[in-house]
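Each residue of the sequence shown is one higher than the one before, starting from 3 at the first, in the numbering used here. Ideal Cβ placement from N, Cα and C applies to all residues, glycine included. Here's the structure we're looking at; comments come further down.
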Amino acid sequence: MSKILGKYQHERSENLDEYFKTLELPYLVRKMINISNPKIEVTKDGDKWIVTTVTMMRTQVWEFTLGTEWEEVMPSGVKLKNTTTIEDDSLIIVSITEDGNKTIRRYDFTDDGMTLTLSHERTDVVAKRHFKRIK
3 MSKILGKYQH ERSENLDEYF KTLELPYLVR KMINISNPKI EVTKDGDKWI VTTVTMMRTQ
63 VWEFTLGTEW EEVMPSGVKL KNTTTIEDDS LIIVSITEDG NKTIRRYDFT DDGMTLTLSH
123 ERTDVVAKRH FKRIK
């Protein structure tokens with residue numbers, strides 16, 4: 003778990019625009035996501051995990067307990083029912099949309115950084131975002 007806690011700075015993305023295109027996100031939304039350069043901080047307070055993502059557009063804070071369902075509201079207003087688990091040095095968030103589609107966000111942590119892998123049951127396209135550890 004010690005590899006997970008820390009601060010991370012986005013370095014590069016793979017296949018991000020194609021991934022969001024298959025999910026039918028509008029062009030301008032995809033472009034904003036692609037140019038974003040997020041910083042992510044992962045902390046823990048007792049059993050509660052806190053993930054803070056900061057971009058020039060907004061700051062998003064998730065607070066959750068492993069294995070317990072929690073709600074996330076996307077910028078588009080779409081509500082997700084999320085459940086987060088941990089496997090070795092990975093946080094895995096399984097999200098179910100209001101229409102029943104499943105998305106998986108897998109955060110794999112190393113001593114040097116983190117890789118976020120995005121997958122969705124409606125497409126075979128997978129995207130990755132790579133982050134370096136800054137603290």
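Option in the options with minimal Cα separation from residue i
i	options	result
arginine 124	Glu100, Leu25, Asp47 and Asp19	Leu25
proline 40	Lys137, Glu20 and Gln62	Gln62
lysine 137	Val127, Asp90, Leu93 and Met116	Met116
phenylalanine 66	Gln11, Glu20, Thr87 and His132	Thr87
methionine 58	Ser15, Glu73, Ile37 and Trp51	Ile37
tryptophan 64	Val128, Ile6, Ser78 and Ile42	Ile42
Counterpart residues of residue i in DSSP-defined beta bridges
i	result
aspartate 49	Aspartate 49 is not bridged to any residue.
lysine 134	Gln11 and Gly115
leucine 25	According to DSSP, leucine 25 bridges with nothing at all.
lysine 33	According to DSSP, which records beta bridges pairwise, lysine 33 is partnered with nothing at all.
arginine 68	The question names arginine, but residue 68 is leucine in the sequence shown. DSSP output for leucine 68 lists no bridge partner at all.
lysine 5	Per DSSP, none; premise fails for lysine 5.
leucine 82	Glu74 and Thr99
Integer-rounded CB distance, given that residue j should sit under 8 Å from residue i
i	j	result
glutamate 71	lysine 81	Not quite, the Cβ-Cβ distance comes to about 12 Å (not below 8 Å), so this is no contact.
lysine 130	asparagine 17	7 Å
phenylalanine 111	aspartate 126	Actually they are not in contact, since the Cβ atoms of phenylalanine 111 and aspartate 126 sit about 25 Å apart, beyond 8 Å.
lysine 23	arginine 32	6 Å
arginine 194	glycine 8	This structure cannot settle anything about residue 194, because the visible part of the chain is limited to 3 through 137.
Residue i, buried or exposed, once every other Cβ within 10 Å from all chains shown has been counted against 16
i	result
tyrosine 10	buried
isoleucine 52	exposed
valine 44	buried
leucine 118	buried
tyrosine 109	buried
tyrosine 29	exposed
serine 97	buried
threonine 93	Reading off the sequence, residue 93 comes out as leucine, not threonine. Buried: at least 16 other Cβ atoms inside 10 Å.
leucine 120	buried
Exercise for the section: Quick one: which unbroken beta strand (DSSP E) runs of 3-plus residues sit fully inside the segment 85 to 116? Chain order, please. Expected result: 92 to 99 and 104 to 111
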